[in-house]
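Numbering (the numbering used here), first residue to last: 163 to 243.
Even for Gly, the Cβ is constructed at its ideal location relative to N, Cα and C.
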């Protein structure tokens with residue numbers, strides 16, 4: 163299979179849950195350099211429990227980000243905005 167034929171299913175990816183965030187937020191890195199060899203694209207699936215908020219975070223390298231809300235509403239503050 164070539165990467166052009168790649169299909170990643172969230173159900174097949176082990177979620178990351180930070181200490182203290184059990185039942186509140188989980189993250190799944192679906193596409194990145196380590197998982198599929200992508201050098202220019204990261205795709206992360208994050209699920210946040212309704213009514214909860216995240217304190218923010220940082221990434222070791224700079225890259226563009228896109229947030230897509232599938233269900234509910236979200237308010238996003240980036241770079242102090």
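Check, Outcome
"Along the chain, where does the beta strand (DSSP E) that runs through residue 205 open and close?", "205-210"
"So what does DSSP say about residue 197, is it helix, strand or coil?", "helix"
"Under 6 Å Cβ to Cβ from residue 179, same chain only, skipping five residues before and after it: list those, please.", "188"
"Could you compute how far the alpha carbon of residue 176 sits from the alpha carbon of residue 197?", "11 Å"
"Please name the residue in 169, 200, 208 and 204 whose C-alpha comes closest to that of residue 183.", "208"
"Got a sec? Which residues, its chain only, sit under 6 Å from residue 205 by beta carbon, not counting five neighbours each side?", "192 and 193"
"Go ahead and pull the three-state DSSP assignment for residue 163.", "Residue placement at residue 163 is flagged as unreliable, the pLDDT there being 47, under the threshold of 50; a coordinate-derived value is accordingly withheld."
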